[in-house]
Each structure stands twice: as structure tokens, then as C-alpha cells.
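Q: Take 40 as the starting number for the sequence shown in the working numbering and just add one per residue. Think of the CB as a built atom: it goes at the ideal place given N, C-alpha and C, for glycine as much as any other residue. Below are the C-alpha cells for one structure; questions will follow.
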Amino acid sequence: MPPTIRKGQAPETLQRAEFHERFMQPFQDPAFRAEADSLRRIELIAWHAYEEGRKAPVTRKAGPGYADPGYELSVDWLEAKARLDAAQAAWSQPQTPSRVLLVNGSPRNDGTCPGEVSKTWRLAQLAREVLEGSGIETDLLDLSLLTSEYGRQIHPCKGCVSTAMPLCHWPCSCYPNHSLRQTADWMNEIYERWVSAHGVILLTPTHWYQATSPLKLMIDRLVCADGGNPDPTSTHGKKPEEAKALELEGWGYPKHLDGRVYGVVVHGDVAGVEGLRRNRCDWLDWMGLIDAGTQARLDRYIGYYEPYATSHDADADVQEEVRQVARAVARGVAELRAGRLQTPDRGLKRPRPK
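Following this line, the structure appears as C-alpha cells:
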């Protein structure tokens with residue numbers, strides 16, 4: 040008997056008046072009034088796209104190498120997949136320069152409401168100096184751009200994997216969804232930057248015992264890197280029946296980012312740093328990344344219970360430890376690329392890979 044597909048949670052389609060209210064929300068500036076007629080015409084096009092569910096209005100046939108070469112795939116997805124394949128090919132070449140991705144997980148910067156750079160960003164600069172001094176290319180992924188840059192966003196994960204792992208495509212095919220105006224998603228670029236890296240250092244403050252909102256958005260969307268399906272034609276897009284059948288036949292859960300070295304820096308001022316550091320490291324371990332040793336896993340309080348107003352003055356003792364994280368990752372990358380660093384359990388098949 041095939042698995043049950045449970046239905047009934049999705050909301051009703053918006054009525055025309057409610058759609059109008061939501062469509063017009065970005066155009067409240069009185070300067071748009073001069074283009075009211077144009078906006079009405081554009082709104083009508085958007086309404087028809089919503090009614091008809093035109094998620095991917097521009098497609099082409101998947102072509103050779105896919106389970107169903109004649110299936111129409113989103114051009115957005117095909118282009119993103121091509122960039123990931125090229126990045127992975129370059130990553131594996133010995134002549135490719137070593138690269139470390141530095142992820143600044145703080146939402147703060149001096150170009151938005153806080154009016155001041157974050158401590159996390161300052162610490163990332165220290166790590167960058169060490170890495171570049173070791174001859175390693177660095178790529179700083181500053182997630183604070185989500186709060187300060189026009190049109191920059193990461194849409195939330197829709198949880199496809201919990202229906203069946205093959206429904207979660209690599210890279211994510213949930214976005215863009217043009218019919219719902221879920222566009223301008225940053226993740227395709229972020230996937231490519233992760234794939235291109237030989238090492239990764241996550242740096243983040245602690246918000247309410249947890250990861251920051253921007254960091255958590257990125258982490259959730261990276262679920263497709265851990266077991267995701269690189270062939271959406273095998274499920275004909277988002278067909279849950281086909282995805283469940285594939286998983287039950289036996290799914291390999293490919294780890295698309297394994298074999299990269301990592302370090303983690305977590306800081307806070309009141310509580311929660313140890314728990315957050317552990318769950319970030321556990322996540323990276325599960326993804327198949329390799330830690331660069333105990334000195335690459337750092338959790339520290341900066342200005343413990345001191346005023347926020349002077350907290351930037353309190354990180355001097357942490358700075359050298361952050362440099363040490365970078366040194367450990369630099370060594371780890373060199374050892375990995377020379378073939379001298381491997382996890383002892385590499386090649387062992389998980390009895391329960393999920």
C-alpha cells in the first residue's frame with residue numbers, strides 16, 4: 040500500500056480584494072501615485088500568475104543526464120545547478136587555490152538601525168587577516184546584509200525533506216516562486232560560496248540562547264546539502280507520491296558539502312554560548328565537515344553582564360583565541376588538501392543515514 044499523503048492545512052486562495060491590499064503594500068510612498076494606472080496593469084498580471092500558480096514561468100527541457108530529459112525545469116534552477124557543478128569541479132582540482140568561507144552571523148552593522156558594526160564582524164576581520172597571511176583566499180559572507188541591503192533576503196525552508204528526502208532538491212527548487220512573489224532569494228549564491236570553500240568558519244553572537252535569525256535562515260536552507268536530490272525530474276517537480284516512493288526504494292542521502300574543514304566562534308554576553316556552539320558543531324559534523332581541532336571550536340562571553348554601550352571594549356582577550364581558530368582551520372585545510380586529514384569513520388555507511 041502506498042504511503043498516505045495528508046492534506047488539509049493549506050489556507051484558501053486569497054480573494055481579489057485581499058490580494059490587492061498585499062500587492063500594494065510596497066507602494067505606499069506617495070511618489071508612486073503618479074504611476075497608479077501602471078501599477079493596476081502590473082497588479083492584474085500578478086493576480087493571474089497567482090490564480091494560475093505560475094511558480095516557474097520560464098522553463099526549458101532538462102536534457103541529458105536527468106531521469107526525465109523531457110521534463111520542463113525552471114531556468115533559474117538549471118542555472119544554479121550548473122554553477123554548483125562548476126564550483127564543485129574547481130574545488131576538487133589540486134591547482135585551485137585554497138579558500139575559506141567566513142560566515143558573519145550577526146544581523147548588526149553600522150548601515151542600519153544599530154548604527155555600529157558588530158563584534159562578530161570585527162572578529163571575522165581578525166580571522167581573515169590570519170588566513171590571508173597563510174596564503175588562503177577568503178570569502179566573507181556577511182549575513183547582516185539581510186537587514187541593511189535593498190531587496191536582499193533568504194526565504195524560509197518549507198520542510199520538503201519531512202515529506203520525503205528526494206523532494207528536497209539540491210540546490211533548493213522551492214524558490215523562486217513567482218506566483219507568490221517569493222523571489223530575489225540569496226541562497227543560490229550562498230550555496231555556490233559554500234561549495235567553493237575548502238574550509239568554513241562560522242562566527243555568531245547568541246540571541247536568546249539560539250542562533251541569530253539570518254544564520255538560522257541560511258542553516259535551514261542548507262538542509263538540501265545533506266541528502267538532497269540533484270535531479271528534480273525524478274520527482275517531476277514537487278510530486279510527493281514520487282518522492283516517497285523513491286525514498287522507500289532506498290535513498291543514498293548524498294552529502295554535498297562533506298570533506299570541508301570547519302571552525303566555529305560563538306560569543307555572548309549573558310548566557311547560552313556553550314549550547315549554541317555545540318549545536319552548530321553537531322550540525323557541521325552531521326553534514327560531513329571535519330573540525331579543525333579543539334582550538335577551532337570557541338565559545339566565549341564578551342562583556343559578561345556589562346553594559347552593552349561599552350561591549351566593544353571587552354573583546355580584547357577573545358581576539359587571540361579567534362586568531363587561533365583561523366590558524367587551526369588554515370592548518371586543517373592544508374592537511375586535508377595534502378591527503379593527510381581524514382575522519383576515522385570515513386567510508387563507513389550509516390546504519391540509519393537519515
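(1) Take the Cβ of G267 as the centre, count every other Cβ of all protein chains shown within 10 Å, and call the residue buried at 16 or more, exposed below.
(2) Should R299 and L337 be called a contact, given that it needs their Cβ atoms to be closer than 8 Å?
(3) Look up V357 in the DSSP assignment and say whether it is helix, strand or coil.
(4) What separation, rounded to the nearest whole angstrom, lies between the Cα atoms of S273 and S212?
(5) Helix or strand or just coil, what does DSSP make of I84?
(6) By a C-beta neighbour count over all protein chains shown, 10 Å radius and 16 as the cutoff for buried, is Y248 buried or exposed?
(7) M40: buried (16+ other C-beta within 10 angstroms of its C-beta) or exposed?
(8) Can you give me the start and stop residues for the alpha helix (DSSP H) that N227 sits inside?
(9) Leaving out the 5 sequence neighbours to the left and right, which residues in its chain are closer than 7 Å to E231 when beta-carbon positions are compared?
(10) Whether or not the segment 352 to 359 and the segment 310 to 329 are in contact is what I'm after, with contact meaning three or more pairs of Cβ atoms, one per stretch, closer than 8 Å; do they touch?
(11) Over the uninterrupted beta strand (DSSP E) stretch that includes I240, give me the two end residues.
(12) Using a Cβ-Cβ cut-off of 7 Å (strictly less than) and excluding sequence neighbours within five positions of P392, which residues of its own chain qualify?
(13) Hey, quick one: how far does the beta strand (DSSP E) through R138 stretch, first residue to last?
(14) Any idea if T333 is buried or exposed, counting beta-carbon neighbours within 10 angstroms, 16 or more meaning buried?
(15) Grouping DSSP H, G and I as helix and E and B as strand, with all else coil, what is D324?
A: Short version:
(1) Taking the first residue of the sequence shown as 1, we reach residue 267 at position 228. Buried is the call here.
(2) Start at 1 with the first residue of the sequence shown, and residue 299 comes out as number 260. Start at 1 with the first residue of the sequence shown, and residue 337 comes out as number 298. Their beta carbons are not under 8 Å apart, which means R299 does not touch L337 by this criterion.
(3) Here residue 357 refers to the residue found at position 318 when the sequence shown is read from its first residue. Here V357 sits in helix by DSSP.
(4) As a working mapping, residue 273 is identified with position 234 in the sequence shown. As a working mapping, residue 212 is identified with position 173 in the sequence shown. Answer to the nearest angstrom: the Cα atoms are 13 Å apart.
(5) Within the sequence shown, the letter at position 45 stands for residue 84. If DSSP states are grouped into helix, strand and coil, I84 belongs with the helices.
(6) Counted from its first residue, the sequence shown places residue 248 at position 209. Exposed.
(7) Along the sequence shown, read from residue 1 onward, the residue named residue 40 stands at position 1. That one is exposed.
(8) Residue numbering aside, residue 227 sits at position 188 when the sequence shown is read from its first letter. Residues 226 to 235.
(9) Stepping through the sequence shown from its first residue, residue 231 is reached at position 192. So the list reads R122, L123, A126, once near-sequence residues are dropped.
(10) no
(11) Taking the first residue of the sequence shown as 1, we reach residue 240 at position 201. It spans 238 to 244 - the beta strand (DSSP E) in which I240 sits, taken as one unbroken run.
(12) Within the sequence shown, the letter at position 353 stands for residue 392. Around P392: Y292.
(13) For the purposes of this step, residue 138 is taken as the residue at position 99 of the sequence shown. 138 to 143 is the extent of the beta strand (DSSP E) around R138.
(14) In the sequence shown, counting from the first residue as 1, residue 333 sits at position 294. The residue in question, T333, is exposed, as its Cβ has fewer than 16 Cβ neighbours within 10 Å.
(15) The residue you call residue 324 lines up with position 285 of the sequence shown. Three-state DSSP puts D324 in a helix.
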